[in-house]
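A.B. asks:
There are 2 protein chains.
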Amino acid sequence: MKRGRRPGDAGTREAIVAAARTRFAAHGYARSRIRDIAADAGVDPALVHYFFGTKAGLFAAAMALPFRPAEVLGPLLEEGLDGLGERLVRRLLGIWDAPESREPLVALARSVTGHDPAAATMRGFVESEIAGRIARALPAPDARLRASLVGSQVIGLVLARYVIGLAPLAKADHDELVAAVGPTLQRYLTGDLR
Amino acid sequence: MKRGRRPGDAGTREAIVAAARTRFAAHGYARSRIRDIAADAGVDPALVHYFFGTKAGLFAAAMALPFRPAEVLGPLLEEGLDGLGERLVRRLLGIWDAPESREPLVALARSVTGHDPAAATMRGFVESEIAGRIARALPAPDARLRASLVGSQVIGLVLARYVIGLAPLAKADHDELVAAVGPTLQRYLTGDLR
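Here the protein sequences line up with chains A and B, keeping their order. Read the first sequence against this note's numbering and you will find it ends at 196, with the numbers running on by one and no gaps. Read the second sequence against this note's numbering and you will find it ends at 196, with the numbers running on by one and no gaps.
1) Hey, how far is the Cα of Leu179(B) from the Cα of Val152(B)?
2) What are the complete alpha helix (DSSP H) segments, minimum 4 residues, inside the region 96-127 of chain B?
3) I'd like to know if the region 144-151 of chain B and the region 44-52 of chain B are in contact, where contact means that at least 3 CB-CB pairs between them fall below 8 Å.
4) Interface residues of chain B around Ala128(A) at Cβ under 9 Å?
5) When you compare the CB of Lys4(B) with every CB in chain A, is at least one pair closer than 8 Å?
6) Let me see if you follow: with CB-CB separation under 8 Å, is Ala27(A) close to chain B or not?
7) Check whether the region 106-114 of chain A touches the region 80-94 of chain A, counting contact only when three or more Cβ pairs, one atom from each stretch, lie closer than 8 Å.
8) From this set, Arg25(B), Pro141(B), Glu131(B) and Ala174(B), which residue's C-alpha is nearest Asp99(B)'s C-alpha?
9) List, in order along the chain, the chain A residues whose C-beta lies closer than 7 Å to that of Ile157(B)?
10) Between Lys57(A) and Gly13(B), what straight-line distance do the alpha-carbon atoms span, to the nearest angstrom?
11) What did DSSP end up calling Lys4(A) once you bin it into helix, strand or coil?
12) Using beta-carbon positions only, say whether Asp42(B) and Ala21(B) come within less than 8 Å of one another.
13) Shorter than 8 Å from the beta carbon of Leu171(A) to some beta carbon of chain B?
14) If you run the structure through DSSP and keep just helix, strand and coil, what is Asp42(A)?
15) In angstroms, rounded to a whole number, what distance separates the CA positions of Tyr31(A) and Ala121(A)?
16) Please list, in chain order, all residues of the same chain as Ala184(B) whose beta carbon is under 7 Å from its beta carbon, the five residues on each side excluded.
17) Looking only at C-alpha atoms, which of Phe127(B), Gly76(B) and Leu67(B) sits nearest to Arg104(B)?
18) Compute the Euclidean distance between the alpha carbons of Ile39(A) and Arg138(A), then round it to the nearest angstrom.
19) Considering Cα atoms alone, identify which of Phe26(A), Gly44(A), Pro77(A) and Arg93(A) is closest to Ala62(A).
20) Since Ile157(A) and Ala162(B) are thought to touch, with beta carbons under 8 Å apart, how far apart are those beta carbons, to the nearest angstrom?
21) Is the beta carbon of Arg135(A) less than 8 Å from the beta carbon of Leu94(A)?
22) Got a sec: is the Cβ-Cβ distance from Ala182(B) to anything in chain A below 8 Å?
23) Write down the C-beta distance between Gly167(A) and Arg125(B) rounded to the nearest angstrom, noting that I regard them as a contact closer than 8 Å.
24) Whose CA, out of Ala64(A), Arg37(A) and Phe69(A), lies closest to the CA of Glu16(A)?
25) Please compile the residues from chain B whose C-beta is within a distance smaller than 8 Å of the C-beta of Arg125(A).
26) Would you report the Cα separation of Val160(A) and Leu187(A), rounded to the nearest angstrom?
27) Using a C-beta cutoff of 8 Å, does Leu76(B) count as contacting chain A?
28) Taking Gly13(B) as part of the alpha helix (DSSP H), name the residues at either end of that continuous run.
29) Considering only residues of the same chain and omitting the five flanking positions on each side of Tyr164(A), which have a CB-CB separation below 8 Å?
30) Just to make sure I have the definition right: I need the residues of chain A whose C-beta is within less than 9 Å of the C-beta of Thr192(B). Which are they?
31) Return yes when the Cβ of Ala169(A) is within less than 8 Å of the Cβ of Glu73(B), no when it is not.
32) Taking DSSP as the reference, what is the three-state secondary structure of Gln188(B)?
33) Does the separation of the CB atoms of Leu191(B) and Ala181(A) fall below 8 Å?
34) Between Leu107(B) and chain A, is there a C-beta pair that is closer than 8 Å?
35) Quick one, which residues of the region 76-94 of chain B are near chain A if we go by CB-CB under 9 Å, in chain order?
36) Determine the burial state of Pro143(B): buried for a count of at least 16 other Cβ atoms within 10 Å of its Cβ, exposed for fewer.
Here you go:
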């Protein structure tokens, strides 16, 4: 037992991340609890919160996500639904075009499409923390469908621009893509889908 | 040397497919020639055309594509640009929702996002035979950007619906998705992108 570790202990953070990866892969996002991950790592649950905040933050660290969805989506959604499509595209491109994001983003795309348990875990996370968060901000009864449509275009943008490198979209500048893709997201969020 | 094989020879078709896979992977789509693949397989180039029609048809067979882009896109594009977005979504869903398409479609998505040379080969094929074919049907000077935007939403739809299984998009019926995604593609094809 390694119980009794403290924030300063070498390797404590890494032990938590490793335990989280294992548990998320085995049980999925929704059924993995902070307290169980803490027990697996031999630490107090408070230490997990100290390092990672929420379960979503721990997941982002465990999967080496190129961004923490809550930190990106939260402020955007708080600014309201007007122009959200364009703001979302601009913010995501700003994050993803940073050189240090490239490798984790491509790795993430591969893990989502891959065979391993990470794919199912990631699906649970995307549904609850990304699509779910967007859906909760929408008043429409079809909010979940709208959120998953947003997801489909965002995923396609990541694949086309960063993974496949589909020309000329892969080299288009931000203004061009915000103008092209922003209205698509806005329509999925608040427009008429018939 | 196996030169002199005839259409009826057992394994001739398979030998051509195997040679095509190897050459496409090594040289990419654009630089692989029918005559070289035929030579690799020890057959006359006419036999390759007899079995597969064009290089695109051979590629579709070699990569076990769930559809032949030319056979799907050709007739759709011939009907004109009016309503093309909705027709495209409906046609693709009709093909991809067939049970026999599922496995090759998911395999295709994985190969495109994967590490192996198939990813680069597939990119060349998508650019020339899918995006290129759409771009040639568009009058606008930004036809290639428009075609790659269509590609991004179509790729995202495949990933969200068939690979990730993002609810509720994964279970939405065709009419619902045609109404939601069709106008997106139509705007990318012919609308105002500013």
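Positions of the beta carbon are idealized from the N, C-alpha and C atoms, including for glycine.
C.D. replies: In brief:
1) Rounded to whole angstroms, the separation of the alpha carbons of Val152(B) and Leu179(B) is 15 Å.
2) 101-115 and 119-127, all fully within the region 96-127 of chain B.
3) The region 144-151 of chain B, when compared against the region 44-52 of chain B, does not touch it at the 8 Å Cβ threshold.
4) The sequence as given places Val at residue 128(A); Ala does not occur at that position. At a C-beta separation below 9 Å, Val128(A) has these neighbours in chain B: Ile166 and Leu168.
5) Because the pLDDT of Lys4(B) is 47, which lies under 50, any placement of that residue in the model is unreliable, and the number read from its coordinates should be weighed accordingly. At a cut-off of 8 Å between beta-carbon atoms, Lys4(B) makes no contact with chain A.
6) At least 8 Å separates the CB of Ala27(A) from every CB of chain B.
7) No contact exists between the region 106-114 of chain A and the region 80-94 of chain A.
8) Distance from the Cα of Asp99(B) is smallest, within the candidate group Arg25(B), Pro141(B), Glu131(B) and Ala174(B), for Ala174(B).
9) The answer, in chain order, is Gly158, Leu161 and Ala162.
10) C-alpha separation (whole angstroms): 55 Å.
11) Residue confidence for Lys4(A) is low, a pLDDT of 47 falling below 50, so the modelled location carries little weight; the figure read from the coordinates is stated next. Note: Lys4(A) maps to coil in three-state DSSP.
12) Yes, these two residues count as a Cβ contact at 8 Å.
13) Output row for Leu171(A): interface = yes.
14) Per DSSP, reduced to three states, the secondary structure at Asp42(A) is helical.
15) Straight-line measurement puts the Cα of Ala121(A) at about 11 Å from the Cα of Tyr31(A).
16) Residue identity differs from the one stated: residue 184(B) is Gly in this sequence, not Ala. The beta carbon of Gly184(B) sits closer than 7 Å to those of Gly87, Glu88 and Val91, all from its chain and outside the five residues before and after it, given in chain order.
17) Closest option to Arg104(B), Cα to Cα, is Leu67(B).
18) Arg138(A) has its alpha-carbon roughly 27 Å from the corresponding atom of Ile39(A).
19) With distances taken between Cα atoms, Ala62(A) lies closest to Phe26(A).
20) With a Cβ gap of about 6 Å, Ile157(A) and Ala162(B) count as contacting.
21) No, the pair does not count as a contact, with Cβ atoms beyond the cut-off.
22) True, the Cβ-Cβ gap to chain A drops below 8 Å.
23) 6 Å between Cβ atoms; contact.
24) The shortest Cα separation from Glu16(A) among Ala64(A), Arg37(A) and Phe69(A) belongs to Ala64(A).
25) Under the 8 Å cutoff, chain B gives Ile166, Gly167 and Leu168.
26) Whole-angstrom Cα-Cα distance: 14 Å.
27) Residue 76(B) is actually Gly in this sequence, not Leu. Chain A, which has no Cβ nearer than 8 Å to the Cβ of Gly76(B), makes this no.
28) Secondary structure note for Gly13(B): it is in no alpha helix (DSSP H), with a DSSP letter that is neither H nor E.
29) Cβ neighbours of Tyr164(A) within its own chain (closer than 8 Å, five residues either side excluded): Trp98, Arg104, Leu107, Val108, Ala111 and Ala172.
30) Simply none; closest approach about 13 Å.
31) Contact: no.
32) Collapsing the DSSP output to three states places Gln188(B) in a helix.
33) With respect to Ala181(A), Leu191(B) sits apart: the two C-beta atoms are not nearer than 8 Å.
34) No, no contact with chain A.
35) Those would be none; no residue qualifies.
36) By the 10 Å Cβ count, Pro143(B) comes out exposed.
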